[in-house]
Structure formats: structure tokens, C-alpha cells
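**Q** In mature numbering (1 follows the signal peptide of the UniProt record, and there is no 0), the protein residues as written are -24 to -1, 1 to 560.
Built from N, CA and C at the ideal position, the CB exists for glycine as well.
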Amino acid sequence: MTSTKRMRTAFLIGLVCTMTVVSACSDKKTNNTGEKGTNGQTTEGTTGTTKGTDEGAPVDPMAKYDPPIELSTVAFQMENSKYPKGDNIDNNVWKREYLSQLGIKIKNLWVATDTPEVRDQKMSVTIASGNLPDILHVTARELQMLIDSDMIEDLTDVYNKYASQEVKDNLNYNDGIMLKAASYKGKLMALPDTTKGGGTDGAPMIWVRTDWLDKLKLSPPKTMDDVMNIARAFTKDDPDGNKKDDTFGMAIGKNVYDGFAGVEGFFSGFHAYPYSGNVTMWQKDEATGQLVYSSIQPQVKEGLIALNKMFKEGLLDREFAVKDGTKVAESVTSGKVGLFFGQFWNASWPLNDLKQRDKKAEWMPFPLVSVDDKPAKSFIQQPVPDQYYVVKKGTEHKEAIVKMLNFYFSKIYGEHAESSKYHTVTADNGEKIQVFGSAIIQTFTMDTNIKAHELVTEALKTGDTSKLNEEFLGYYNQMKEAKAGTNLTGWYLNPIFGDNGAYAILKNYNANNLIVSNEFYGTPTPTMVEKGSFLKQQEFEAFTKIIMGAASPDAFDKFAADWKKLGGDQITKEVNEWYANNHK
């Protein structure tokens, strides 16, 4: 599997078996609110009921097509994606059940394998050609391009008519902010992919190899100086005991910003919040009340200076600038590095792979730390998606995308969910293989993981499993087996859901207001669409050069000035116009 933010899917243990790039993209019974949507446009209510328009007859939200229909899509998978025996990206439980239960046959027009960059290149060609599949999984930027080109369907009516009440209740979370992000000029132009949105689940933390800490008699990090000293010891003091100079302190990769081995959490220690992905980070300037672009704020320079110092000392991999997440993961799983900043799902990948190779290896997450006496705060996106599902203009059965969303919710979260079939299956050798990522349309309930943490840890203490559903009971059993040493395939669940695991840290962030939220959650503004990729590339290059010493720290000041001149000032204007329209 891969390390990117894209892989933070569904139950968000991060390791999706595939990442489908499909061709498309309140209150429980809220009426039309007429609230402002993305880019200052009015967003009509998209909740409604599941009643049909034909004489008021109820609509079956998962009614089967007879005869079956065929829908095309495109897909992305990593080279090391895992499937149950006999399955693959074209033939798996989800594809079979779509046909069996919904009467929908899915055909992949193409499959991109390797890196997200390959997917992006193929997607750009697909959009530019105009030869779209029926359902498409797109980024926020791609969504805006498709809207501007009038290439996708308005889904308002079919969502109102076919979405199950459970799906509507979930997407109405936080005053329907996810639906608003997917709307344009009062029309629902996409279904939000909530598995790749924001919220506290995306907050970074520090992952440390604790068996190395114990060997070197070091304490967990409490300050940024501790992070530096631990990285120094992991580089210079032979933590693996092989009497070779073959380890380095902290892992980062060429993407710089990433859910695994990224630098967002490192910068948070300097009260800086640069961020890249399919969205950008905008924070409020308390002096002016305006939104400002986080990556050009002066605190970022301090973080870059510290990273450059670590690079000069050899505490970072000297080849990080050419290593993607998969290559960085190889350094982790081969036992060459003992610290990185990342998200909760990193326990499942790549750390669980290391545990299967080296049973003595132990990793645990720790909260972010600060360079001074002010607490470090974690940047998060608003709980809105940065990817979407859309339907090609002219597709006959556009309601099928909503039926597939209903089906996913029912099988993963519904009253009669079948987690052992649709979420994680057990191979003949006892290996647990996550299969939910093969679903074409996915969604995520915002409180699933925190409930798992609370209920499973309670059950482990009391032995009472009566409150656990099938999914949570599976976690409970795997955690017990891993603790007993009888089966380590579920080792990753303890660092995630255990007493001192990732979700204990995320609860602490929330409880103590240690969160900085992205204040911009609209679709990309016109200048973002036109110049955003160029400006982000300039940022990557400038930051990488400074970290590696190819440019002085003062190059940051030139980058910030150039960013403003080359389109950043106009983007800032557009972002603040959106903010004024959406925060009255």
C-alpha cells in the first residue's frame, strides 16, 4: 500500500487495497436552507426524503436493475496492493456484489499502477480528451475544472430521491458542510468522498521506535529539542546494535507534506502550518481578520532552518528528495529509521509490515511537541472532502452512484453490516486483508474511529464485549491476540486504538483545543485552478532546496514574495471574498 494522504480511507486505517478513481464524482429532515455554498454561491438544501415523485411512491434506495446496467470507471492501485486469493482490481467482492445485488456491472477503462503522480497524469489526459467514464473519482481542483467545462451531471435530484436516510444523516454532519463543499450555484455537483476529508483523524503525531528508545535509555519526546536529540541518537548511537553506521534519525520523503513521513507535524512545533495536498492551508490573521496563506508565514522559515540543520548533521536521509512514500517505507520496514511525523493509520502501514519481519520492533505514537513554552497545535482540514465522486454528463442512470453509496454504508456501517465480508477478510494463512478499498463509492462516519477506541479499550479492561459490533469485535480479538503474541497480524490496532495509542492522542488534541483548522473549504477559486499547481511546485522546490542546503534560508523570503506576485495575491483576494460570503 501507499503512504499518501489518499490512502486514509474508510475506517481510515489507511491501507486501502485499491484506490478507486471512479468515473463520476442537517438536521435529519432539514428543509431547504438557502445557505451560502462554495465560492460564495447559494447552496440549496440537498437533504429531502427518499420518496419518489411518481404518485408519492417510496423509492427503494438499493433497487436492483433488471436487466443489469454497465457503468465505466477508471482506477488506481499500488504495486503492492493486496487482495484475497483469486481476487484483483477487476474481480473482487465489491464488483461481484454490485452486479449480484444492485444489477450494476463495473468496467475499468484504465488502471493506473505505481504512484499517485501516475494517476494524476492519466487523469489529466482523460479530462483533457473529454472521453470520461461514467463515474469518476476526482480532486477538488479536477471537480472545479469539470464544473467549469459543463462535463458532469447535477446530482441534486437523484441524491434527494435515492439517498438512504442513514447516508443523509451522515452527510448532514456539521450543518451539512460536506454537501456544501460539493455544491456549486445551488446544485449538488458531486458526492463528497468523506474518507479523504479532514477532521481530527488527519491530525499529525510523532511515531517513535520505542525499543530503540529503551535500548539507548532515552525518554519519549516532550520538546522539539528532544525530537532533535532522539534523531541524533538514532543516527549516531547504533540503535540496532549491528555496529554499522547504517541508520538515520527521522524519515521524510520527496512529497515533504504527507500523511506518512511528512513535515506538517514538525512545522507545528514551530507554530507554522504549511500544507499541501488537494487543498491548501489558510489561517486567520487575528490582527486583520483576513485569511492568509499559511506557507508564506514567517514561522515556516524557522521550521525550514531546523530541517536544514538536521540534514547537515545527517539526521535525515540524504536521498529523501527522490524517494516517494513507498521508498521511505522501505527504510522503515528494513529497520533503518526510528522516528517520523505522520497520521494514526501509519501503524497499519508501513509499521505493521515491519512488525511481521521483526517481532522485537515496537513503535508508538506521541503528541506533537513545541519549540517553546506555547503548546504545539495540530493543523487539520475542516471536516470536508478534498476528493469527490462525479457522473459524466449524459450518463443514463446517474442515480446508480447514489445506490452504490447506500450499499457501501449499509454493508460497512448499517444495522446488518457484514464487516468480515466487506471490510476485512481473513486469508487461509490467518492474514487480515482489508477489502473495503475496492468499493467504487465509499463514505466514512466521522465518529467511527473514536467509538472504536472508546468501546474496544473499555472491553479490553472489563472483558465485556456486549457493546461491540462485528467490526469492533474483530479489532478486540486481534488486539488480544497481538498482546498475547499468538497472532501479530493485528499488532497495528493497539498503537491506534489502545490506551496510549493514536486515538488517545487525538482525543487529547480535541479536549485541550490543540487544533488549528483550515479556514478555507470551498472548491478551488479561478486563480487556484489556473495557477495553483505552478505555485505549489514552486513551494516544493524552494522548501526542498532550503532543507538540503542548495539554497539559503533567506530564499524563503524570495519564495514568499514571488508567490504573491505570481498569482498568490489574487488567490488571497478570491479566498477572502469566499470567506466574506460564507461567514456572515
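With Arg185 as the anchor, note down where its beta strand (DSSP E) starts and where it stops.
**A** Translated into the one-based positions of the sequence shown, residue 185 becomes position 209. Boundaries of the beta strand (DSSP E) around Arg185: 181 to 185.
**Q** Expressed to the nearest angstrom, what Euclidean distance is found between the alpha-carbon atoms of Glu338 and Lys156?
**A** Translated into positions along the sequence shown, residue 338 becomes position 362. Translated into positions along the sequence shown, residue 156 becomes position 180. Cα-Cα distance, rounded: 42 Å.
**Q** Go through the stretch 53 to 84 residue by residue and report every complete run of the alpha helix (DSSP H) that reaches 4 residues or more, in order.
**A** 69 to 73
**Q** Please report the distance separating the alpha-carbon of Tyr43 from that of Ile80.
**A** Counting from 1 along the sequence shown, the entry for residue 43 is found at position 67. Counting from 1 along the sequence shown, the entry for residue 80 is found at position 104. This sequence places Pro at residue 43; Tyr is not what is there. Spanning the two alpha carbons is a distance of roughly 9 Å.
**Q** Can you look up Trp325 in the DSSP assignment and give me helix, strand or coil?
**A** Numbered from 1 along the sequence shown, position 349 holds the residue referred to as residue 325. Residue state, collapsed to three classes: coil.
**Q** Considering only residues of the same chain and omitting the five flanking positions on each side of Gly290, which have a CB-CB separation below 7 Å?
**A** Numbered from 1 along the sequence shown, position 314 holds the residue referred to as residue 290. Within the same chain, Gly290 has close Cβ partners Thr211, Phe224.
**Q** Give the DSSP-derived three-state secondary structure of Ile491 in the structure shown.
**A** Taking the sequence shown and counting its residues from 1, the one referred to as residue 491 is at position 515. Three-state DSSP puts Ile491 in a strand.
**Q** What is the DSSP secondary structure of Pro471, counted as helix, strand or coil?
**A** Taking the first residue of the sequence shown as position 1, residue 471 is located at position 495. Pro471 falls in the helix class under three-state DSSP.
**Q** My parser needs the alpha helix (DSSP H) runs of 4 or more residues fully inside the stretch 216 to 262; what are they?
**A** 240 to 244
**Q** Ala352 and Ser244 look like a contact to me (Cβ under 8 Å); what is the Cβ gap, rounded to whole Å?
**A** Here residue 352 refers to the residue found at position 376 of the sequence shown. Here residue 244 refers to the residue found at position 268 of the sequence shown. Going by Cβ atoms, the distance from Ala352 to Ser244 rounds to 5 Å, so yes, they are a contact pair.
**Q** Compute the beta-carbon to beta-carbon distance between Leu330 and Thr309, rounded to the nearest angstrom, for a pair I have assumed lies under 8 Å.
**A** On the sequence shown, position 354 is the one that residue 330 refers to. On the sequence shown, position 333 is the one that residue 309 refers to. That pair is a contact at about 5 Å.
**Q** Which same chain residues, not among the five before or five after Leu280, have their C-beta less than 8 Å away from its C-beta?
**A** The count along the sequence shown starts at 1 and reaches residue 280 at position 304. Cβ within range, chain order: Phe519, Ile522, Ile523, Pro529, Phe532.
**Q** Could you please give me the residues that DSSP links to Tyr160 through a beta bridge?
**A** Position 184 of the sequence shown, counted from the first residue, corresponds to residue 160. Tyr160 pairs with Lys163.
**Q** Under DSSP, the beta strand (DSSP E) around Ile417 begins and ends at which residues?
**A** As a first step, residue 417 must be located in the sequence shown, where it is residue number 441. It is not in any beta strand (DSSP E) - Ile417 carries neither H nor E in the DSSP assignment.
**Q** Do Ile417 and Tyr364 have their C-beta atoms within less than 7 Å of each other?
**A** The residue you call residue 417 lines up with position 441 of the sequence shown. The residue you call residue 364 lines up with position 388 of the sequence shown. No. Outside cutoff.
**Q** In the DSSP assignment, find the unbroken alpha helix (DSSP H) run with Gln448 in it and report its ends.
**A** Here residue 448 refers to the residue found at position 472 of the sequence shown. Here residue 448 is Phe; the residue named in the question, Gln, does not match the sequence. Its alpha helix (DSSP H) spans residues 446 to 460.
**Q** Just to confirm the assignment, what range does the beta strand (DSSP E) spanning Thr402 have?
**A** The count along the sequence shown starts at 1 and reaches residue 402 at position 426. Element bounds for Thr402: 400 to 402.
**Q** Near Ala207, which residues of its chain fall below 7 Å by C-beta distance, leaving aside the five closest residues on each side in sequence?
**A** As a position in the sequence shown, residue 207 is number 231, starting the count at 1. The answer, listed in chain order, is Gly225, Met226, Met286, Leu291, Leu315.
**Q** Rounded to whole angstroms, what's the CA-CA distance from His113 to Gln273? Just pull it up for me.
**A** The residue you call residue 113 lines up with position 137 of the sequence shown. The residue you call residue 273 lines up with position 297 of the sequence shown. Their backbone Cα atoms lie some 33 Å apart in a straight line.
**Q** Checking the sheet assignment: what are the DSSP bridge partners for Met340?
**A** If you number the sequence shown from 1, residue 340 lands on position 364. DSSP, once it has assigned bridges, lists Val184 as partnering Met340.
**Q** Do the stretch 480 to 498 and the stretch 339 to 346 meet, that is, are 3 or more Cβ pairs less than 8 Å apart?
**A** yes
**Q** Classify Thr29 as helix, strand or coil using the three-state DSSP reduction.
**A** On the sequence shown, position 53 is the one that residue 29 refers to. Interpretation of Thr29 is limited by its pLDDT of 40, a score under 50 that renders its predicted location unreliable; the figure taken from the coordinates is listed afterwards. Reduced to three states, the DSSP call for Thr29 is coil.
**Q** By how many angstroms is the C-alpha of Lys260 removed from the C-alpha of Lys163?
**A** Counting from one through the sequence shown, the residue named residue 163 turns up at place 187. Counting from one through the sequence shown, the residue named residue 260 turns up at place 284. About 29 Å.
**Q** Could you tell me the distance, in whole angstroms, from the CA atom of Leu147 to the CA atom of Met380?
**A** What you label residue 147 is simply residue 171 of the sequence shown in a count that begins at 1. What you label residue 380 is simply residue 404 of the sequence shown in a count that begins at 1. When rounded, the distance between both Cα atoms is 15 Å.
**Q** What do you get for Trp554, buried or exposed, if any count of 16 or more other CB atoms within 10 angstroms of its CB means buried?
**A** Locating residue 554 in the sequence shown gives position 578, counting from the first residue. Its Cβ being crowded by 16 or more others within 10 Å, Trp554 is buried.
**Q** Which residues does DSSP pair with Gly318 in a beta bridge?
**A** As a first step, residue 318 must be located in the sequence shown, where it is residue number 342. Bridge partners of Gly318: Met181, Phe236.
**Q** Counting along the chain, where does the alpha helix (DSSP H) carrying Gln275 start and finish?
**A** Taking the first residue of the sequence shown as 1, we reach residue 275 at position 299. Unbroken alpha helix (DSSP H) run through Gln275: 274 to 289.
**Q** According to DSSP, is His113 part of a helix, a strand, or is it coil?
**A** Walking along the sequence shown from the start, residue 113 turns up at place 137. Note: His113 maps to strand in three-state DSSP.
**Q** Evaluate Glu55 with the Cβ neighbour count: other Cβ atoms within 10 Å of its Cβ, from every protein chain shown; 16 or more gives buried, anything less gives exposed.
**A** Taking the first residue of the sequence shown as 1, we reach residue 55 at position 79. So Glu55 counts as exposed.
**Q** Decide if the stretch 440 to 452 is in contact with the stretch 486 to 506; the criterion is three or more beta carbon pairs, one per stretch, under 8 Å apart.
**A** As far as the Cβ criterion goes, the stretch 440 to 452 does not touch the stretch 486 to 506, which means the pair count is below three.
**Q** Classify Gln363 as helix, strand or coil using the three-state DSSP reduction.
**A** If you number the sequence shown from 1, residue 363 lands on position 387. It is a strand residue.
**Q** Since I believe Gln120 is in contact with Thr499 (beta carbons under 8 Å), could you give me their beta-carbon distance rounded to a whole number of angstroms?
**A** Counting from 1 along the sequence shown, the entry for residue 499 is found at position 523. Counting from 1 along the sequence shown, the entry for residue 120 is found at position 144. Their Cβ separation, rounded to whole angstroms, is 5 Å, which keeps Thr499 and Gln120 in contact under 8 Å.
**Q** One question on the structure: do Gly152 and Met422 come within less than 7 Å of each other, judged by their Cβ atoms?
**A** Start at 1 with the first residue of the sequence shown, and residue 152 comes out as number 176. Start at 1 with the first residue of the sequence shown, and residue 422 comes out as number 446. No, the Cβ-Cβ distance between Gly152 and Met422 is not below 7 Å.
**Q** Mapping the DSSP letters down to three states, classify Tyr389 as helix, strand or coil.
**A** Taking the sequence shown and counting its residues from 1, the one referred to as residue 389 is at position 413. Of the three classes helix, strand and coil, the one that applies to Tyr389 here is coil, per DSSP.
**Q** Using the three-state DSSP reduction, which class does Tyr479 fall into: helix, strand or coil?
**A** In the sequence shown, counting from the first residue as 1, residue 479 sits at position 503. Helix, per DSSP.
**Q** Just to confirm, are Tyr233 and Tyr249 a CB contact at a threshold of 7 Å?
**A** For this step, residue 233 is matched to residue 257 along the sequence shown. For this step, residue 249 is matched to residue 273 along the sequence shown. Tyr233 places its beta carbon 7 Å or farther from that of Tyr249.
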